[in-house]
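Heads up: the sequence shown begins at 1 in the UniProt record's numbering, then just goes up one per residue.
Note that the Cβ used here is the ideal one computed from N, Cα and C, for glycine as well.
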Amino acid sequence: MSGIQQLSPFLMFENGRAEEALNFYVDLFGGEVVLIDRYGPENPAMDGRVRLATFAIAGTQVNIIDSPVPHGFGFTPALSLFYRATSQAELDRLWTGLLGGGGHALMPLGDYGFGPFGWLNDRYGVSWQLNLAAADAGVGDGADGGAAGGGMAERTA
């Protein structure tokens with residue numbers, strides 16, 4: 001396998017919010033901006049906005065754009081970004097940060113039998129599942145995949 005990440009999330013924003021979201025995620029997670037390509041004067045309505053940007057969090061690259069075309073859909077919890085925190089302090093910090101500015105909890109941060117976990121939509125509507133890595137939570141061997149993996153598998157098996 002090559003060093004190129006073959007699969008990555010792609011987030012599409014309207015109303016010029018992509019760069020704001022990118023900066024928020026990079027700051028909160030301690031990530032990095034990999035590239036930013038902007039619309040130019042050939043598209044006056046989008047000039048200066050993000051045509052395509054890539055940022056990295058925890059070794060995963062995420063693509064993000066400002067859509068030049070209005071669309072009638074947004075983000076949904078049916079697809080979420082799952083992040084395993086390495087400490088309770090990190091989990092709490094990320095939870096608080098992602099909820100700030102208008103986010104809302106779908107499953108409040110708590111212990112659901114597989115370790116500390118919470119599910120939320122952030123201020124941009126992006127869904128996040130946050131879990132404390134199983135070894136750090138003192139639960140199992142980490143092979144259950146956390147909430148969406150272990151918890152859901154038990155309910156649907």
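May I ask you to report which of helix, strand or coil DSSP gives residue i?
i: valine 69; result: coil
i: phenylalanine 75; result: coil
i: tyrosine 25; result: helix
i: alanine 45; result: coil
i: arginine 93; result: helix
Does the distance from the CB of residue i to the CB of residue j come in under 8 Å?
i: residue 170; j: leucine 130; result: Given a span of 1 to 157 for the chain in the structure shown, any question on residue 170 remains unanswerable.
i: isoleucine 57; j: tyrosine 25; result: yes
i: aspartate 27; j: tyrosine 39; result: no
i: glycine 97; j: arginine 123; result: no
i: glycine 3; j: glycine 74; result: no
i: phenylalanine 55; j: glycine 31; result: yes
What does residue i pair with, by DSSP beta-bridge criteria?
i: serine 127; result: Asn121
i: valine 33; result: Phe55
i: phenylalanine 114; result: According to DSSP, which records beta bridges pairwise, phenylalanine 114 is partnered with nothing at all.
i: isoleucine 64; result: Leu11, Ala53
i: leucine 132; result: Ala85
i: arginine 38; result: Val50
i: alanine 105; result: Leu120
Which residues in the same chain as residue i place their Cβ atom closer than 8 Å to its Cβ, once the five residues preceding and following it in sequence are excluded?
i: leucine 106; result: Pro77, Trp119, Leu120, Asn121, Ser127
i: leucine 99; result: Ala105, Leu120, Asp122
i: glutamine 5; result: Thr60, Gln61
i: aspartate 37; result: Val50, Arg51, Leu52, Ala53
Since residue i and residue j are thought to touch, with beta carbons under 8 Å apart, how far apart are those beta carbons, to the nearest angstrom?
i: alanine 53; j: leucine 81; result: About 16 Å; that fails the 8 Å criterion.
For residue i, collect the residues of the same chain with a Cβ closer than 6 Å to its Cβ; drop the 5 residues on either side in sequence, then sort them by chain order.
i: glutamate 14; result: Ser67
Is any non-hydrogen atom of the ligand GTP found closer than 7 Å to the C-beta of residue i, if you look at the structure I gave you?
i: arginine 93; result: Annotation note on the ligand GTP: not contained in the displayed structure, which lists no ligands.
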